[in-house]
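According to mature numbering (1 follows the signal peptide of the UniProt record, and there is no 0), the residues represented by the sequence shown are -18 to -1, 1 to 266, in order.
Where a beta carbon is used, it is the ideal one built from N, C-alpha and C, also for glycine.
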Amino acid sequence: MAPKLDHIVLLVPHAVLSTLPTWLTGALTVVPGGQHAGGVTENQLVLFQDGVYVEIIAFVGDDAKKREAHRWGRQPEGHFVDWAVSLDKPTQKENDDAFTEIQQRVAAAGAGLGYHDLVDGGRTTPDGVVLRWATASPVALPGHGAVSGGLLPFWCIDRTDRTLRVPYATRPDLAQHPSQAVGVAGVTLHVADAAVVDRLRTAYDVLLTRRGDGTDDAWDVAAPETPSHGRTATLRIAVLDRTTAGPEIHSWIELALFTTGPAKTVGGHIVDGWRIDIRLESVA
């Protein structure tokens, strides 16, 4: 069973979390999330009708040690830093068994990449609902170089009902957007290092199914819900364009959305120096 796209992570400064720029809020409906267990981070959410969401996350407080220990603690703020996949089998044991099988297949693929074991986590919603899940981060196997965060997805597998964490079905109004966005069209990984690209190809050929005839660096990744427009999101790997990215940038993540409105691009800055552009592909 191939994993399904769960969410994409946008890291912002804490001061910005409650005052997001109008280029973003004018296109997408942002709803309250909550503070994660341990109080290190809190978030807001952008929900879509296909069950995928964008997590807008910020670090709380100024505890440098806690931040550095976090998966995204060393990442610069103001851009997409990661993305997650999940499984939705009927029972926890089936999910855990399926994850273990995929974990073993990725480790054996020859990419020098693997996954840590699942670790329990959670958060409490603003109205007091306790959410539980388990996550697993990618890791470079011994003798192989690390890859930047976000180039291989992490796992987020629910221990409580997913609709509590992602209430797009119980509150469909929360998934209505000014831009008429209805779901995720694609995630593109822009990567500078050709050797890393080769390793990622090997890993994704185990995780996902290549699109079309298999000659392009593109893989299908299903959403939690089958969208009415019938189109599937795509993961792509692209060689980083050094004419638009400085030498200090080794990789970045691009997001595209499906919309029932006109095709366009919305974008702007959350912090100085890093522009975000989100492409909307029309399914009308």
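Going by the beta-carbon positions, is the gap between residue i and residue j smaller than 8 Å?
i           : j      : result
R193        : D202   : yes
F30         : A116   : no
V169        : I235   : yes
A80         : M(-18) : yes
V179        : I219   : yes
L262        : L237   : no
D259        : G243   : no
T142        : R114   : yes
residue 269 : G16    : Since the first and last residues shown for the chain are -18 and 266, residue 269 lies out of range.
In this structure, what does DSSP give as the bridge partners for residue i?
i           : result
E76         : Note: E76 sits in no beta bridge, so no partner.
I252        : According to DSSP, I252 bridges with nothing at all.
A238        : G168, R261
H61         : L(-8)
Q26         : P14, I38
P120        : Y97
K246        : L262
K71         : None; K71 has no bridge partner.
residue 267 : Shown here, the chain extends from -18 to 266; a query on residue 267 therefore has no answer.
D(-13)      : Beta-bridge pairing links D(-13) to no other residue.
R218        : T170, A200
R105        : H18, L113
S161        : S161 pairs with nothing; no bridge assigned.
How long is the line joining the alpha carbons of residue i and residue j, rounded to whole angstroms?
i           : j    : result
A46         : S264 : 43 Å
P(-6)       : H232 : 22 Å
H251        : V63  : 15 Å
H172        : E37  : 20 Å
A89         : L182 : 12 Å
A205        : L69  : 11 Å
T107        : P154 : 18 Å
V67         : L133 : 12 Å
L(-2)       : D223 : 30 Å
Q86         : Y186 : 14 Å
T216        : P120 : 20 Å
G110        : Q26  : 15 Å
H18         : D254 : 27 Å
H61         : G92  : 30 Å
K(-15)      : V148 : 14 Å
P14         : R144 : 16 Å
G174        : P160 : Looking at the sequence shown, residue 174 is not Gly but Ala. Cα to Cα, A174 sits roughly 35 Å from P160.
residue 272 : D198 : An answer regarding residue 272 cannot be provided, because it is not within the stretch -18 to 266 covered by the chain.
A245        : V188 : 33 Å
G33         : R53  : 24 Å
A200        : V22  : 35 Å
What's the call for residue i, buried or exposed, on a 16-neighbour Cβ count within 10 Å?
i      : result
E50    : exposed
P135   : buried
L(-9)  : buried
K75    : exposed
W65    : buried
W256   : exposed
T7     : exposed
V112   : exposed
D(-13) : buried
V28    : buried
L95    : buried
A9     : buried
V129   : buried
V101   : exposed
P3     : exposed
Provide the residue span of the alpha helix (DSSP H) that contains residue i, from first to last.
i    : result
D180 : 176 to 189
R49  : 46 to 51
T197 : It is not in any alpha helix (DSSP H) - T197 carries neither H nor E in the DSSP assignment.
L222 : Premise fails: L222 is in no alpha helix (DSSP H) and is neither H nor E.
L6   : 4 to 7
Span of the beta strand (DSSP E) holding residue i?
i    : result
R147 : Unbroken run through R147 is the alpha helix (DSSP H), 144 to 147; no beta strand (DSSP E).
W137 : 136 to 140
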